[in-house]
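Chemist: Questions regarding the structure given below will be posed in turn.
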Amino acid sequence: MSKKKDINTEHIDLIERSPITKTLKSNYMPYAMSVIVSRAIPEIDGFKPSHRKLLYTMYRMGLMKGPRAKSADIVGQTMALNPHGDQAIYETMVRMTRGNGALINPWIDSKGNFGRVYSRDMQYAAYRYTEARLDQSCETIFSGMNKNAVEFVDNYSGTFQEPVLLPAIFPTILVNANQGIAVGMASNICSFNLKEVCDATCALIDDNDTDLFKYMPAPDFSTGAKIIYEEDVMKNVYDNGRGSIKMRAIYNIDTKNKCIEITEIPYSTTVEVIMEDIIDQTKKGTLREVTGVRDDTDLNGLKLTVDYRPSADPELLVQKLFKVTSMQSNFSCNFNLLIKGKPKVLGVRDILFEWLDWRRECLSNEYSFEIDENKKKLHILKGLEAILLDIDKAIKIIRQTEKDSQVIPRLMQGFSIDEIQAEAVAEIKLRQLNQEYIIRRIKDIEELETEIKRISQIIGNKKKLNQEIKKQLKDVAKKYGRERLTQIVDEEKIEVAEEEDFIEDYNLKFFFTAEGYLKKLALTSLRSAGDLRLKENDRIVQDIEATNKSEVLFFTNQGEVYKMHAYDIEDSKPSELGEYTPNLLELEKDEEVIAIHVTDEEYAGYLILGFADGRCVKISVDNYYTKTNRRKLRNAFYDGSPLIGILYQAEENSGKDIIMQNDQDRMILVGSDRIKLKATRNSQGNRIMTSRDDHLVDFMGFADQFPDKYDLDYYRVRTLPAAGRFIKEEDMAAKQMSLTEIHDE
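112 is the number of the first residue of the sequence shown in the working numbering; add one for each residue after it.
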């Protein structure tokens with residue numbers, strides 16, 4: 112018997128029990144909020160903390176001008192602000208470079224291999240090989256930085272300060288795409304054209320209800336491509352900040368070389384994803400026209416080449432590529448950003464309103480700083496004015512002062528000025544004691560007083576602040592604005608091929624067996640084939656010619672009909688058993704297919720359904736037509752008695768005769784015209800044959816399927832229902848014959 116293991120109870124008293132809600136609140140929520148506020152979600156200046164810290168580091172390094180610096184140096188110095196790994200910082204830097212192309216307005220002027228946003232496998236070079244500096248457009252995000260436009264806080268080590276936001280003078284939040292995944296929320300902001308955003312913001316300043324679509328009709332992406340303009344979707348994006356924008360690749364068909372050249376792709380996909388999609392769909396048989404796909408991207412830009420067969424229709428192939436690959440993909444908008452530390456999902460108009468409020472605050476801070484600086488200058492000049500108007504007295508005071516330390520106090524006393532003013536006077540050079548200098552300084556006083564008055568009138572005046580913002584926006588649009596990269600195509604002008612247009616149509620034949628197997632064989636393969644393989648003791652009960660675009664109806668013993676397109680059923684080889692219908696249709700445990708019928712596009716013709724209780728019903732095939740692609744039709748036919756067979760005739764009254772047999776060896780012959788058409792598909796019809804002592808009808812077929820040697824008129828009945836006549840001994844063989852055996856004979 113094993114010894115009982117000793118349990119150490121020394122630290123049990125240290126375990127503290129706590130409700131899970133309390134633990135989540137105290138432990139999980141701070142983490143979640145930290146990720147939301149400090150990492151993943153962009154703020155009104157258009158940047159996430161990692162972007163802001165990197166750009167500010169480059170600004171402090173003096174990279175607005177001059178030569179580029181090694182990326183390794185930039186990454187290393189950024190770590191003083193951003194306590195993350197060097198690789199994470201470098202990846203952030205890569206995305207903001209002109210070389211990578213992820214941003215429509217890149218912030219970093221790069222040199223070296225920074226990969227490409229449209230390629231997953233085109234890796235960027237290590238940071239020891241690349242160089243970078245700030246793009247010239249960064250002057251728009253650091254304007255006012257030295258004028259206290261934004262608040263500064265200590266960095267994580269307390270060694271120096273960093274800005275809470277960057278004082279961007281245009282709505283960068285909408286100009287560059289921004290994605291982030293936080294805890295319990297995410298953000299996905301698409302990019303817009305810089306000039307259009309500036310124009311729209313100016314219009315919004317003049318009229319809060321202006322139609323933004325007039326100025327910025329749709330997003331603009333760095334990868335170009337096309338936007339399929341859907342008015343309701345775009346309105347939802349602009350109003351609520353949510354929606355899914357459809358994008359399509361731009362292509363060129365080279366009929367000479369039998370290839371399709373793709374030169375621009377949607378922002379949300381990559382070359383590799385498109386290639387993988389094409390290869391997968393080709394293997395599945397969906398893109399049989401494609402013979403190859405390759406990436407021909409070079410220094411001239413992106414180019415993905417798709418080769419096609421000479422017999423293929425290239426325009427139809429392109430439509431198929433849009434349908435089954437990410438050559439057409441969606442950009443899911445989720446305009447979630449931080450407003451004063453709180454995440455909010457806003458539409459375009461509300462984002463611009465928030466930006467204008469924040470920008471007015473930045474400008475007010477700048478002007479307050481300028482007023483303070485001008486007042487300091489004015490204060491000094493006022494002191495100079497007092498002295499320069501009596502310069503001889505000032506010189507006399509200085510000459511009669513014995514010690515250097517006494518000069519400032521005596522000047523303060525002699526002219527009733529403070530220490531700062533006296534210091535400025537003492538620093539005046541002798542060569543400046545001329546009339547021109549004195550007049551110029553007095554004029555400076557007047558100009559400063561005028562400027563202080565002008566700026567004071569702007570601060571707190573929303574209208575004047577707006578005018579200044581408009582002026583800056585127009586300057587930015589003029590200097591950095593450019594034409595759209597992404598084309599806008601109205602939804603109505605987009606050619607959308609239907610799914611059936613992509614499907615190869617060909618003649619085929621279905622074979623349905625008593626064991627429930629369905630073979631789909633192309634007529635071309637059937638002609639060259641030998642015997643059809645069947646399970647032991649299985650037999651073919653139906654063979655029907657069709658096309659690959661036909662629709663197949665499966666009638667089951669539960670009174671239900673299942674519908675499938677022929678092209679959804681895999682082709683079989685003569686040597687294969689085919690599809691097992693219970694698996695193909697996912698039937699219930701005791702459900703099995705009794706018969707099948709193949710329809711044409713019009714669902715033309717009529718079906719005669721025979722039942723074991725001797726009833727027959729004639730119904731129109733179009734009773735099984737549905738506008739939607741319903742796979743299963745309930746109460747599809749009369750289920751009061753087992754279904755024994757289905758007959759099809761093109762016309763309501765075809766003049767054909769029908770034979771019914773029961774298990775008592777009785778048979779009747781009746782004209783199909785005597786079976787009345789019923790309006791509803793689950794009608795019970797009329798009794799045609801009667802049976803006694805629980806005998807059941809077990810066969811129904813057209814009389815013309817039987818060889819002429821049988822005397823069928825002997826079984827014709829005048830009144831219905833009828834019990835029929837016993838089968839003559841010489842005709843008894845017909846009882847055992849299946850339809851296939853009849854055909855074989």
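Every residue gets a Cβ at the ideal spot worked out from N, C-alpha and C, and that includes glycine.
1) So, is A213 buried or exposed, given that buried needs 16 or more other C-beta atoms within 10 angstroms?
2) N816: which of L807, K839, D768, D776 sits nearest, CA to CA?
3) Tell me, which residues are paired with I769 by DSSP?
4) Looking at I356 and C313, is the spacing between their C-beta atoms short of 9 angstroms?
5) Would you tell me roughly how many angstroms separate the C-alpha atoms of D701 and S752, rounded to the nearest one?
6) Runs of 4 residues minimum, wholly inside the stretch 394-472: which ones carry the alpha helix (DSSP H) assignment?
7) Please report the residue range of the alpha helix (DSSP H) in which S298 lies.
8) So V264 and E273 are supposed to be a Cβ contact under 8 angstroms. How far apart are they, rounded?
9) Does the separation of the CB atoms of Q532 and A497 fall below 9 angstroms?
10) Look up D601 in the DSSP assignment and give the residues it is bridged to.
11) I'd like the list of long-range same chain contacts for G255, defined as Cβ closer than 7 angstroms, with 5 residues on each side in sequence excluded.
12) Report yes if the C-beta distance between F225 and R353 is below 9 angstroms; otherwise report no.
13) State buried or exposed for G396, treating a residue as buried only when at least 16 other CB atoms are found within 10 Å of its CB.
14) My output table needs one value for D555: the three-state DSSP class, helix, strand or coil.
15) Are Y673 and R742 touching if we call contact CB-CB under 9 angstroms?
16) Could you name the residues of the same chain whose beta carbon sits closer than 8 angstroms to that of K587, not counting the 5 residues immediately before and after it, in chain order?
17) Using the Cα positions of F613 and K431, report the straight-line distance between them to the nearest angstrom.
18) Please list, in chain order, all residues of the same chain as H854 whose beta carbon is under 6 angstroms from its beta carbon, the five residues on each side excluded.
19) Given a cut-off of 9 angstroms on the beta-carbon distance, is the pair I219 and L245 in contact?
20) Quick check on this structure: which residue in P421, R405, L664, C727 has the alpha carbon closest to the alpha carbon of K414?
21) I want to know whether the stretch 144-153 touches the stretch 163-177 - three or more CB-CB distances under 8 angstroms.
22) With DSSP as the reference, label F281 as helix, strand or coil.
23) Threshold first: 3 residues or longer. Then list the beta strand (DSSP E) segments lying entirely within the stretch 227-283, N to C.
24) CB E687 to CB A677, shorter than 9 angstroms?
25) Check the DSSP bridge columns for E681 and list the partner residues they point to.
26) Here's a check: name, in chain order, each residue in its chain whose Cβ is nearer than 8 angstroms to the Cβ of Q568, leaving out the five neighbours to either side.
27) Going by DSSP in three states, H162 sits in which element: helix, strand or coil?
28) Please confirm whether K646 and K631 have their CB atoms less than 9 angstroms apart.
29) Grab me the residues of T851's own chain with a C-beta within less than 6 angstroms of its C-beta, minus the 5 sequence neighbours each way, in chain order.
30) What does a CB cutoff of less than 8 angstroms around R460 pick up in its chain, not counting 5 residues either side in sequence?
31) Report the three-state DSSP secondary structure of I361 (helix, strand or coil).
32) Ordered along the chain, which non-local residues of its own chain (more than five positions away) have a Cβ less than 7 angstroms from that of G335?
33) How close, in whole Å, do the beta carbons of K729 and Y717 come, if the pair is a contact with beta carbons under 8 angstroms?
34) Check whether the Cβ atoms of D197 and M190 lie closer than 9 angstroms to each other.
35) For Y378 and F253, which I take to be in contact (beta-carbon distance under 8 angstroms), what is that distance rounded to the nearest angstrom?
36) Could you have a look at Y759 and say whether DSSP puts it in helix, strand or coil?
Modeler: Let's see:
1) buried
2) Here the sequence assigns Gln to residue 816, which means Asn is not the residue at that position. That would be D768, whose Cα lies nearest to the Cα of Q816.
3) V781, F813
4) no
5) 16 angstroms
6) 425-435
7) Counting along the chain, S298 falls outside any alpha helix (DSSP H), though it belongs to the beta strand (DSSP E) covering 297-300.
8) 7 angstroms
9) yes
10) Y340
11) P278, C473, E477, listed in sequence order.
12) no
13) exposed
14) helix
15) yes
16) The amino acid at residue 587 is misidentified as Lys; the sequence shows Val. Excluding sequence positions up to five before and after V587, its CB lies within less than 8 angstroms of the CB of T251, I280, F281, L305, C309, all in the same chain and listed in chain order.
17) Whole-angstrom Cα-Cα distance: 6 angstroms.
18) With a pLDDT of only 41 at H854, under the threshold of 50, the placement of this residue in the model should not be trusted, and no figure is reported.
19) yes
20) R405
21) no
22) coil
23) 242-245, 263-265, 272-274
24) no
25) Per DSSP, none; premise fails for E681.
26) K575
27) In the three-state reduction of the DSSP assignment, H162 falls in the helix class.
28) no
29) Residue placement at T851 is poorly supported in this model, since its pLDDT is 41, which falls under 50; the coordinates still yield a value, given next. Only I651 meet the Cβ criterion.
30) Answer for R460: L315, L323, Y349, D350, listed in chain order.
31) strand
32) I361, E375, L596, T597
33) The Cβ separation is near 6 angstroms, so the contact holds.
34) Taking 9 angstroms as the Cβ cut-off, D197 and M190 qualify as a contacting pair.
35) That pair is no contact at about 27 angstroms.
36) strand
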